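Just so we're aligned, residue 1 is where the sequence shown starts under my numbering, counting upward by one. We treat Cβ as the ideally placed atom computed from N, Cα and C, and that holds for glycine. Computed from a predicted model, the values in this text were never measured in an experiment.
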Amino acid sequence: MDNRPIGFLDSGVGGLTVVKEMMRQLPEEEIVFIGDQARAPYGPRPAEQIREFTWQMVNFLLTKNVKMIVIACNTATAVVWQEIKEKLDIPVLGVILPGASAAIKATQTGKVGIIGTPMTIKSDAYRQKIQALSPETTVESLSCPRFAPIVESNEMASSVAKKVVYETLASMVGKVDTLIMGCTHYPLLRPIIQNVMGKQVKLIDSGAETVRDVSVLLNYFEINRSRKDIRGDHRFYTTASPKGFREIAEQWLGQEINVEHVEL
Ligand code: I24
Ligand code: DGL
């Protein structure tokens, strides 16, 4: 038993899709979240910057006495998960390996697709993980730079969103039976993506798969939170204004939350 919180980090607010899954699957655990909203998005940034910024968030979470860290951002995971995992003596999970391994289990044709930010696709991290675990699986990858901005402008339900998703995914349709949503924002576009890809295509939510792995690790190391009677106080930190963060987060999570500003 271990009552310390679990740390989540993201480039901004997108990682809250992972946090929402966490609250659903493991409601007794306490969460400390940090989003680097002032410097988001990470997708178009050079790898060296992503590396530096992500380490700053990791070091911040370590000051909060976390028992585990989840890199709830595909772009940061693609660039620095391996390095962070090797340096820390607490478990560090990224969102890529859980998504990759879920896709291998889900595919029946051995043809998997991956969509994400330019950096996630450029890093080739999903393909490498998939082919290391299952060399016979083929991977079709596609960068979707226009998807996250659609979500951030709250246009998920608009005809523009449908048009952009349809046009962007055209080259993927019919080629894969499983598609990994390799960006924290994409679960918000899930209905449109599903509609464009066809209902027989399995969509993999990397964040949700990652939370399943959090659960496995908590059990394996016997570090579950014991105070199931008293709910933990989740804490949220942002490098930008707490007001903007709170508005999106409270609406998304459906509960009031503590948000503080932090300088990294
Ligand atoms: N969704 C995200 N980021 C935003 C947003 C959003 N604004 C509206 N919605 N903004 O990510 C981040 C960048 N902003 C910061 C403030 O200054 C301007 C730039 C996805 C969130 C995933 C949980 C749409 C929206 C919302 C509430 C809930 C969910 C959602 F308003 F997608
Ligand atoms: N959180 C990022 C990801 O999952 C998306 C937003 C960004 O580019 O920073 O890749």
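Answer with buried or exposed for glutamine 37, where buried requires no fewer than 16 other C-beta atoms within 10 angstroms of its C-beta. buried
Is it true that the CB of leucine 16 sits closer than 9 Å to the CB of valine 58? no
With distances taken between CB atoms, is the gap from lysine 87 to glycine 7 smaller than 9 Å? no
Count the CB pairs spanning the segment 226 to 240 and the segment 199 to 216 that are closer than 8 Å, and state whether there are at least three. no
With distances taken between CB atoms, is the gap from lysine 175 to glycine 110 smaller than 9 Å? no
Just to confirm, are methionine 68 and leucine 93 a CB contact at a threshold of 9 Å? yes
Cut-off 7 Å between Cβ atoms - residues of its own chain near tyrosine 220, not counting five sequence neighbours on either side: none
Could you work out which residue in Gly207, Thr137, Val164 is closest to asparagine 195 when comparing CA atoms only? Val164
Do you know offhand how far threonine 107's Cα is from leucine 179's? 9 Å
Does the beta-carbon of leucine 62 have 16 or more other beta-carbons within 10 angstroms, so that it is buried, or is it exposed? exposed
With which residues is serine 141 paired in a DSSP beta bridge? Ile114
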